[in-house]
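Note sheet for the following structure.
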Amino acid sequence: MREFKTILPFLKENRLRYVFGILMLILVDAASLYQPQIVRRFADLASTGVLTEKLLIELVAWIAGLGIFMAVGRYFWRVEIFGNGRRLEYWLRDKLFKKYMQLDQTFFNRNSTGDLMAHATNDVMMVAQSMGGGVMILVDSLFMTAFSVIMMVTTIGLVNAVVALVSLPLLAVTIAKLMGPIQTRSRALQNAFSDLTTETQENLSGIRVIKACAIEDNRAASFGGVNDDYGKKCIQWTKVDSLFDPSVTLISGLSFVVFILYGALQIHRGMLSIGSFVATIEYLNMMVWPLIAMGLVVSNFQRGISSMARLNEIFRVRPTVQEVKNPADPQKSEGHIVFRHVSFRYGEDLPWVLRDINFELQPGHSLAVVGRTGVGKSTILHLLLRRYDVTEGEILVDGTDIRQMSFEALYRTFGVVAQESFLFSRTIGGNIAFGGEEENMDEVHDAARFAQVHDDIIAMKQGYETVVGERGVTLSGGQKQRVSIARAYYKKAPVLVLDDALSAVDTETESHLLAGLRRHRQGLLMISQRVSTVQNADDIIVLEDGKITQRGTHETLVQEDGFYQELYHRQLLESQVNTAEADEQGQTAAALRGEEA
């Protein structure tokens, strides 16, 4: 139960609701326990022939009154206890999501999306059920069992009650034996559910790749294997869980048999009245539910404990990148960036990704980083945004080490367009203004015009109110990139960061975008493989094997032997070949039209 320490703040905050709900539950149970006494009195009066019309009406009135009280009381305890379970579900899911938002890139690299979704759905639900229905069952079973025993003792005496309850120790042993296997199999079941969620999420997210590769049968077989494992874990858990009801029914049945035989003998001897016998049978019958409920309590809380343990594993994670206690939080940033002797590797035993990187980006200027795939270009961006901390050296923004800045102040400095253009399932206007307090449509339109996507948007039937669908699936790759650029521009940050963000746009659109950046004199940091993207930058650095090997303007670098010159000539040749092919196709088409004429 120590796993539930995490939710102690919630329990303290809602303790009065729990107290009121439990009080009403106990009162309802007390009323139900009094009913057999009315039945006992009726049986004794009827068997002795002294039941009058007045007494019959009185007994009926008592039963009706108890029924009304139980109905009202049951409503209130359900609202409070089950309602608290729902409140806990909200509280816990909100806490978990906020935790996700605090964790850094390292955590998300290690954990799959499907597993994290399973934590936020199934695990949270299991904990909420244990603190809602589980609390109800626990209180109900303990109270009903204890007070049923007390009522039996006061009704038929201690010796007769002991005979009636002779099988209870056997039930306690049975429950204790089943607790361990249930917890073990419950944890295995939750892990299998996470695997199933991960498999489903990955296949649905990659459905276009699956169809393009025509591997539907392969993925269906893979899903079938994971689903089969989940099904087996469900059956294994059910086999143990299902032992409770039959065990309780069998053991309580033994109690009935023993007491019926013993009670009949006591009635024959005149030592037990018929009313007391009937009332005891009623109490034994009423104890069947609490005894079954004990099994449900064990099952419910064991699943809740397993789920809470999985959630606690997330809550205990501490991000490797954290704010200092009293971070610098300048309200205005100029966008002056300095990398000073920066080196980085992803782990102590892993090779260096960057070595001794030094450069400076003045406010309003542009800097481009080029290099082969895998040389560490995007890592520079990750370090600048503190997705990871530098291993050696320092990164300064406006003269302050970014490790001493608040995350909010750091992120205010940059408008970032990543390699993969991610759009949310909302309107295009909402995506462009994403993160702002409210949409300013004039500024949204201005950002779209800057990103050369305004004409595409207004050509759509619903314009800026067009819902782009999950991950922007209804837009082309170039449109998604331009909407992402518009979103970064809308932020009006001092520095715009483009991480190979123009790869899906044509060269004409690219030139318009870059010209717009130069006019606005916004600081610009570009990471790209295309010379056409970076050639107008104020400064260009070339990365090779994690080191800066060349630095200068486009004009100086094309005159230097090295990677940049090779890249320039290769892309120039590709451009000439493509132009020649286009001209040839145009001439062929013209000739065909002439023949047709």
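Mind the numbering: the sequence shown is residues -3 to 593 in our numbering, read in order. Just so it is clear, CB atoms sit at the ideal spot from N, CA and C, and this is done for glycine as well.
Asked	Found
Write down the C-beta distance between Phe255 and Val159 rounded to the nearest angstrom, noting that I regard them as a contact closer than 8 Å.	6 Å
Which residue or residues does DSSP assign as beta-bridge partners of Ala364?	Met522 and Ile536
Please report the Cβ distance between Gly389 and Val338, rounded to the nearest whole angstrom; I am assuming they are in contact, meaning their Cβ atoms lie under 8 Å.	4 Å
Tell me the rounded alpha-carbon separation between Leu112 and Asn156.	56 Å
Is it the case that the Cβ atoms of Val371 and Leu539 are separated by a distance below 8 Å?	yes
Could you tell me the boundaries of the beta strand (DSSP E) in which Val493 lies?	Val491 to Asp495
So, are the CB atoms of Ser499 and Thr409 less than 8 Å apart?	no
Applying the 10 Å Cβ sphere with the 16-neighbour rule, what's the burial state of Tyr486?	buried
Counting Cβ pairs closer than 8 Å, one from the region 82 to 90 and one from the region 53 to 60, do we hit at least three?	no
Shortest alpha-carbon distance to Ser182 belongs to which of Ala114, Trp233, Glu195 and Thr102?	Trp233
Distance, Cα to Cα, Val526 vs Phe103?	The residue asked about is misnamed: residue 526 is Arg in this sequence, not Val. Roughly 32 Å between the two C-alpha positions.
Grouping DSSP H, G and I as helix and E and B as strand, with all else coil, what is Ile211?	coil
Is Met113 helix, strand or coil by DSSP?	helix
Does the contact criterion of 3 or more C-beta pairs under 8 Å hold for the region 199 to 213 versus the region 236 to 255?	no
Can you tell me which of the three DSSP states Gly548 falls into?	strand
Comparing C-alpha positions only, which one of Gly176, Val274 and Gln358 sits nearest to Val35?	Val274
Apart from the five residues on each side of it in sequence, which residues of its chain come closer than 6 Å, Cβ to Cβ, to Ala188?	Asp225, Tyr226 and Lys229
At a cut of 8 Å, does the region 300 to 317 reach the region 5 to 20 through at least three beta carbon pairs?	no
What distance in whole Å lies between the Cβ atoms of Ser417 and Ser480, which are believed to be in contact at a cut-off of 8 Å?	4 Å
How long is the line joining the alpha carbons of Gln546 and Arg368, rounded to whole angstroms?	13 Å
Determine the burial state of Ser238: buried for a count of at least 16 other Cβ atoms within 10 Å of its Cβ, exposed for fewer.	exposed
What is the DSSP secondary structure of Ala188, reduced to helix, strand or coil?	helix
Go to Glu54, then tell me how far its beta strand (DSSP E) extends in each direction, as first and last residue.	From DSSP, Glu54 is part of no beta strand (DSSP E) but of the alpha helix (DSSP H) over Glu49 to Trp73.
So the candidates are Lys1, Ile64 and Ile536; which of them puts its Cα closest to the Cα of Ile544?	Ile536
Within this structure, are the beta carbons of Ala497 and Val413 separated by less than 8 Å?	yes
Out of Thr44, Leu19, Gln567 and Met20, point me to the one whose CA is closest to Ile270's CA.	Thr44
I'd like to confirm the pairing. Which residues does DSSP put opposite Asp397 in its beta bridges?	Leu392
Just reading off the alpha helix (DSSP H) that Ser374 is part of, what are its end residues?	Lys373 to Leu380
Please report the Cβ distance between Leu520 and Leu492, rounded to the nearest whole angstrom; I am assuming they are in contact, meaning their Cβ atoms lie under 8 Å.	5 Å
I believe Ala124 touches Leu88 by the beta-carbon criterion, under 8 Å. Please report the beta-carbon distance rounded to the nearest angstrom.	7 Å
Work out the CA separation of Thr245 and Val236 for me, nearest whole Å.	16 Å
Straight-line CA distance for Val205 to Phe139?	58 Å
Opposite Ile333 in the DSSP bridges: which residues?	Leu357 and Val393
Cutting at 8 Å between CB atoms, please list the residues of its own chain near Arg336, excluding the five before and the five after it.	Asn354, Gly389, Glu390, Ile391 and Leu392
Go ahead and pull the three-state DSSP assignment for Phe340.	strand
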